[in-house]
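Top line first, the protein sequences correspond to chains A and B. Each residue of the first sequence is one higher than the last, beginning at 1 in our numbering. Each residue of the second sequence is one higher than the last, beginning at 531 in our numbering. Glycine included, C-beta positions come from ideal geometry on N, C-alpha and C. Right, one structure below, let's go through it.
There are 2 protein chains.
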Amino acid sequence: MTKERLTLFDTTLRDGAQTTGVDFSLADKRHIAAMLDDLGLDYIEGGYPGANQTDTAFFSARPKLNHARFAAFGMVKRAGRSVENDPGLATLFGADADTITFVAKAWDYHVRVALGVSLEENLEAIRLSIEAALAHKREVILDCEHFFDGFKADPFYALNVARTAFEAGARWIVLCDTNGGALPHEVEAIVAVVRDRVPGAYLGIHAHNDTDNAVANSLAAVRAGVRQIHGALNGLGERCGNANLTSIIPTLLLKPDFADAFEIGVSLEKLKSLTKVSHTLDELLNRAPNRHAPYVGASAFATKAGIHASAVVKDPKTYEHVSPEAVGNKRRLLVSDQAGKSNILAELERIGVKLEKNDARVGRLLDEVKQKEALGYAYEGADASFELLARRVLGEVPDFFDVERFRVDVERRHNAQGDLVTVSEAVVKVRIDGETSISAAEGEGPVNALDLALRKDLGKYQPFIEDLNLVDYRVRVFQGGTDAVTRVLVEFTDSSGENWSTVGVSANIIDASFQALTDAITFRLLKSGA
Amino acid sequence: MTKERLTLFDTTLRDGAQTTGVDFSLADKRHIAAMLDDLGLDYIEGGYPGANQTDTAFFSARPKLNHARFAAFGMVKRAGRSVENDPGLATLFGADADTITFVAKAWDYHVRVALGVSLEENLEAIRLSIEAALAHKREVILDCEHFFDGFKADPFYALNVARTAFEAGARWIVLCDTNGGALPHEVEAIVAVVRDRVPGAYLGIHAHNDTDNAVANSLAAVRAGVRQIHGALNGLGERCGNANLTSIIPTLLLKPDFADAFEIGVSLEKLKSLTKVSHTLDELLNRAPNRHAPYVGASAFATKAGIHASAVVKDPKTYEHVSPEAVGNKRRLLVSDQAGKSNILAELERIGVKLEKNDARVGRLLDEVKQKEALGYAYEGADASFELLARRVLGEVPDFFDVERFRVDVERRHNAQGDLVTVSEAVVKVRIDGETSISAAEGEGPVNALDLALRKDLGKYQPFIEDLNLVDYRVRVFQGGTDAVTRVLVEFTDSSGENWSTVGVSANIIDASFQALTDAITFRLLKSGA
């Protein structure tokens, strides 16, 4: 059976730029475009030239792409203005792009009220804009804004918009759920009507996640006849985001009902880079990756001790809907409270340690983990501390350095100008190879001061820890009042982008933080072969 | 047209407890159960009695629920063991619950390989367990584990499991997509077959989000005939989470295709508390709320400056798929909005302050709140700090005491016995009515020391603060590295059992803690008429 081709259109750099808190630099855009191209996406919408400086600059010298077509987004011409005199169109035609994605209104209400023009004038603007773009040798995609709401309000007009674009020569007619409120069964039904009433048109779907159905809406549209999917990596986008391509791509490649019927530009080999691509985007945007993201999240193939854990070890395939390796992710069995030997063994294997089940050290490590967990330690979010614990039991962790004492002072007082200021200072005394050194540092707070003082002078280890960066710090207190135990989780990254997490527990938050900090540094020293 | 009743089954406290990093305390479980009950859910699955101490304790004295049925989860009896001699069943029957949710395997492969019993023995275990539960006067729900994978492998056996449970008297037969790999079109087709082949059975759906389709799978199942939806608040759950009830509930109530056909236990009035419920759960679990969550996320109704913003202001209804107020959320634009004022007025009314909408102080308070929130303050979990802020704007809060300076030292060193010990000491200088006093105290940690020193001598106010007890302390850090801002939430109780929460924000954790502590004491003094 020959497969039909599905086209993937990425709008991470355009609609994704509408995400609250996201602000792409020109360098970000270039980096991401290259990554999307390498992954195998068919179209990369780079932005909206003329709308802001970054986008204008991005389209003045297009990024080098090996496969993908480069698309510029903009509005069709204004009614009452000629094609030649529309500055928006002029900017679009001047943009260095293969394709123009025009957006036009498909909801009669918006045409009349928001645009304040007649329904016929809107159709004419669409027709003339497309013809002009074709004359400029650009391929045209028409985004039909509010298509589904428009269809519900006036199906004939919405269809007229699609038909007008098709007849004017648009290569793709994209049905946009701009508000994100459409449900999968509606999308499927409406797409089927469009397919019948605008025969020959190539249709696309542009879904938003306002009801948590953006992925399902995209898949439903494909089943009904759409052949282009718009979406964004990691589901970036305005409000609740665009359809998440990071979820859609593996489904299209790995689920037989889609994989047997369609082919896409992303290969099974490239799919193995998906987890890394997703995390790299988060890194660039300084966002914490979603642990629970389908396919690529750190927890997507994680099983907590419970009724499933031992069965997963026996036969993972029947407990995982796809193989984690297929998307470049990893299976994780969370070491926790009810951890059994099989969990420990599986975790050891993941960190590259092969032991037999009846090796005495496995039992010792299990006892150690149980004892620590009874004290409040939790290793599920602290891989590096678990690995240190395991390798200590195996006798593989040298005493790199020994902290003889530390002191942290936080003082709030009036300064010479009479302002209230808070100053944090830490002093740390370390012994390395029999020699002691004392370092002091000021910080934003006590933990920051301690971190800086501790890493100020670790003697011969200094080159290994210069590029560390504390990126996350979490605290949880168990039980109430003065008996409380504090658990601190910290996460570090280094300049290569690797990151690792450690845990500390104590009645004293500073002590707990200090444990986590020293574990993080020790882990780094161990890994770097210091 | 009479509407059919859809039943909502919440598994936040059971399957949600499998979420990586989630660790419910008994108090958390009680708090969440009360919240779910108040929201109007039909079933609350409290946990798995016997699996761990918390769950066992939770089922030894059930929480007081006004509407919801309380369900205990557990496995059907083991094959080869009589009902009377199965310790799991004994624990379940001993649990203080209305309903037992049995889980049983519906995939022939798992029965034969994982359980290692015959297909017939598995059916018998299901039948006998259900009959025994009914004899113990429990309602029974059967979770058919791996139902969809099982159906694909051997539809006859999967149907046999459902039919056996139905004939044995299970009230609900729940089709579980345990691996989370099923797609909406498959769920719809398979549910339709079950509905036809097990006529009369009440069917449920239990979906996981491994392909980003858990919500769509649940809705597809309802369209195909299912009448019970299993899910978790905020989509908690193993791996990528369970079907997100926070997304499903508003869709069922606000989208005509569902709202016209079905009724649920959650009222439109209660729906307005959904955003708050969602955020409260995140607060309890010390998780950062997902800004982009459908319906309840901070960005769900946010429009960034761009092609939509001004149009949204003109006519929000045509740009929002539902009204943000319907789910207790807010529209966010880059212009000041009226929604803010009405929120503030509602909050003021809650603390007993009646003001007119155009009272200048309402505007001033709104500005204050916005400024504070921009700095990282969050009042949702800190009622007392909000009340203090409001009453300060109204000029109702006296300067009870003024802290001129404080200092906290934490030192780790070897003591006289050669043991490593950590000592925390705080010194606080306070001015009351023009007189200053200095107090010092040692504590378990810096915050404890500070709390003790601060409350050691507040002069004439001392009688009012003797019975205070710090019962909770939470910390969250925003952004990474040294630019991080720390938010501290503390909760106090007094001897009468009343409790109140306050918030502090600073780059310095000690400063933030200190703000929250002084707010808590000030609130107490204000309330006690000191």
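Got a sec, what are the start and stop residues for the alpha helix (DSSP H) residue i sits in?
| i | result |
| --- | --- |
| ASP511 (chain A) | 509 to 527 |
| VAL215 (chain A) | 214 to 224 |
| GLY363 (chain A) | 360 to 375 |
| ARG350 (chain A) | 341 to 350 |
| LYS29 (chain A) | 26 to 39 |
| PRO324 (chain A) | Per DSSP, PRO324 (chain A) belongs to no alpha helix (DSSP H) and is neither H nor E. |
| GLN18 (chain A) | Counting along the chain, GLN18 (chain A) falls outside any alpha helix (DSSP H), and DSSP gives it neither H nor E. |
| SER590 (chain B) | 583 to 590 |
| PRO294 (chain A) | Neither: PRO294 (chain A) is in no alpha helix (DSSP H) and is coded neither H nor E. |
| PRO463 (chain A) | 462 to 465 |
Could you check where the beta strand (DSSP E) with residue i kicks off and where it finishes?
| i | result |
| --- | --- |
| THR1032 (chain B) | 1029 to 1036 |
| GLN758 (chain B) | 758 to 761 |
| LEU538 (chain B) | 537 to 540 |
| ALA302 (chain A) | 302 to 304 |
| THR1016 (chain B) | 1015 to 1023 |
| GLY47 (chain A) | 43 to 47 |
Taking C-alpha atoms, which residue in the options lies nearest to residue i?
| i | options | result |
| --- | --- | --- |
| ALA751 (chain B) | B:GLY730, B:VAL723 and B:ASP742 | B:VAL723 |
| ASN244 (chain A) | B:ALA564, B:ASP742 and B:VAL613 | B:ASP742 |
| VAL1018 (chain B) | B:GLY1027, B:THR805 and B:ASP1049 | B:ASP1049 |
| VAL953 (chain B) | A:ASP409, A:ASP419 and A:ARG413 | A:ASP409 |
| TYR473 (chain A) | A:GLU466, A:LYS456 and A:PHE492 | A:PHE492 |
| ALA663 (chain B) | B:ILE630, B:GLY551 and B:PHE677 | B:ILE630 |
| GLU118 (chain A) | A:LEU525, A:ARG78 and A:ILE141 | The displayed chain sequence assigns Ser, not Glu, to residue 118 (chain A). Answer by Cα proximity: A:ARG78. |
| GLY618 (chain B) | B:MET605, B:SER612 and B:ASP628 | B:MET605 |
| ARG935 (chain B) | B:PHE1044, B:GLU793 and B:SER797 | B:PHE1044 |
| LEU274 (chain A) | A:ILE248, A:PHE262 and A:LYS255 | A:ILE248 |
| ASN217 (chain A) | B:PRO714, B:ALA719 and B:ILE720 | B:PRO714 |
| ASP383 (chain A) | A:VAL475, A:ALA516 and A:THR318 | A:ALA516 |
| PHE792 (chain B) | B:PHE1053, B:LYS533, B:GLY1059 and B:TYR573 | B:LYS533 |
| GLN228 (chain A) | A:LEU420, A:TRP172 and A:VAL83 | A:TRP172 |
| PHE994 (chain B) | B:PHE930, B:VAL1015, B:GLU965 and B:ASN978 | B:PHE930 |
| LEU252 (chain A) | A:ARG223, A:ALA440, A:ASP154 and A:GLY235 | A:ARG223 |
| HIS597 (chain B) | B:LEU622, B:PHE539 and B:ASP812 | B:PHE539 |
| PRO324 (chain A) | B:VAL957, B:GLY711 and B:VAL826 | B:GLY711 |
| LYS105 (chain A) | A:ASP98, A:ASP154, A:ASP467 and A:ALA90 | A:ASP154 |
| THR833 (chain B) | A:GLY16, A:THR11, A:LEU6 and A:THR12 | A:GLY16 |
| ARG642 (chain B) | B:VAL958, B:ASP949, B:GLY680 and B:GLU697 | B:GLY680 |
| ALA114 (chain A) | B:ILE1040, B:ASP845, B:LEU895 and B:VAL957 | B:ASP845 |
| PRO49 (chain A) | A:LEU39, A:ASP96 and A:ASN85 | A:ASP96 |
| ARG599 (chain B) | B:THR621, B:SER659 and B:THR537 | B:THR537 |
Is the CB of residue i under 9 Å away from at least one CB in chain E?
| i | result |
| --- | --- |
| GLN548 (chain B) | Judged by its chain identifiers, the structure shown contains no chain E, and its protein chains are A and B. |
Extract the residue ranges of the beta strand (DSSP E) inside the region 604 to 655 of chain B, only unbroken runs of 3 or more that lie entirely within it. 629 to 635, all fully within the region 604 to 655 of chain B.
Secondary structure, alpha helix (DSSP H): runs of 4+ residues fully inside the region 144 to 207 of chain A: Runs found: 147 to 153, 155 to 168 and 184 to 197.
The region 847 to 859 of chain B: which residues have C-beta closer than 9 Å to a C-beta of chain A, in chain order? Taking 9 Å as the upper bound on Cβ-Cβ separation, chain A lies near residues THR848, TYR849, GLU850, HIS851 and VAL852 of the region 847 to 859 of chain B.
Contact the region 159 to 176 of chain A vs the region 235 to 249 of chain A: 3+ CB pairs below 8 Å: Because the criterion of three Cβ pairs below 8 Å is not met, the region 159 to 176 of chain A and the region 235 to 249 of chain A do not touch.
Within 8 Å of chain B by C-beta, residues of the region 228 to 246 of chain A in sequence order: Residues passing the 8 Å Cβ filter: GLY235, GLU238, ARG239, CYS240, GLY241 and ASN244.
What are the start and end residues of each continuous beta strand (DSSP E) run of 3 or more residues lying completely inside the region 770 to 808 of chain B, in chain order? Counting only runs of 3 or more, we get nothing.
Is it the case that the region 792 to 799 of chain B contacts the region 545 to 552 of chain B, given that we only count it when at least three CB pairs across the two stretches are under 8 Å? Two segments are said to touch when three or more pairs of C-beta atoms, one from each, lie closer than 8 Å; by this definition the region 545 to 552 of chain B does not touch the region 792 to 799 of chain B.
Uninterrupted alpha helix (DSSP H) stretches inside the region 377 to 459 of chain A (no shorter than 4 residues): Segments of the alpha helix (DSSP H) lying fully in the region 377 to 459 of chain A: 383 to 393 and 446 to 454.
Check distances from the C-beta atoms of the region 621 to 655 of chain B to those of chain A and list, in chain order, the residues that come in under 9 Å. Listed by position, the residues of the region 621 to 655 of chain B near chain A (Cβ gap below 9 Å) are VAL633, TRP637, TYR639, HIS640, VAL643 and ALA644.
Contact set between the region 972 to 983 of chain B and chain A, restricted to residues whose Cβ is under 8 Å from the partner: Listed by position, the residues of the region 972 to 983 of chain B near chain A (Cβ gap below 8 Å) are GLY973, GLU974, GLY975, PRO976, VAL977 and ASN978.
Under 9 Å (Cβ pairs) to chain B, residues found in the region 289 to 305 of chain A: Those residues of the region 289 to 305 of chain A placed with their C-beta closer than 9 Å to a C-beta in chain B are ASN290, ARG291, HIS292, ALA293, PRO294, TYR295, GLY297, ALA298, SER299, ALA300, PHE301, ALA302, THR303 and LYS304, ordered along the chain.
Give a yes or no on contact between the region 495 to 515 of chain A and the region 377 to 394 of chain A, applying the rule of three or more CB pairs nearer than 8 Å. Three or more pairs of CB atoms, one per stretch, sit closer than 8 Å, so the region 495 to 515 of chain A contacts the region 377 to 394 of chain A.
Report yes or no: do the region 55 to 75 of chain A and the region 26 to 36 of chain A share at least 3 C-beta pairs separated by less than 8 Å? With contact defined as three or more Cβ pairs closer than 8 Å, the region 55 to 75 of chain A and the region 26 to 36 of chain A are in contact.
Where the region 358 to 383 of chain A meets chain B: residues whose CB sits under 9 Å from a CB there: Result list: ALA378, GLU380 and GLY381.
According to a CB-to-CB cut-off of less than 8 Å, which residues of the region 914 to 946 of chain B neighbour chain A? Of all residues in the region 914 to 946 of chain B, VAL933, GLU934, ARG935, PHE936, ARG937, VAL938, ASP939, VAL940, GLU941, ARG942, ARG943 and HIS944 have a Cβ within less than 8 Å of some Cβ in chain A.
Note down, in chain order, all residues in the region 656 to 667 of chain B with a beta-carbon under 9 Å from any beta-carbon belonging to chain A. Within the region 656 to 667 of chain B, no residue has a Cβ that lies closer than 9 Å to any Cβ of chain A.
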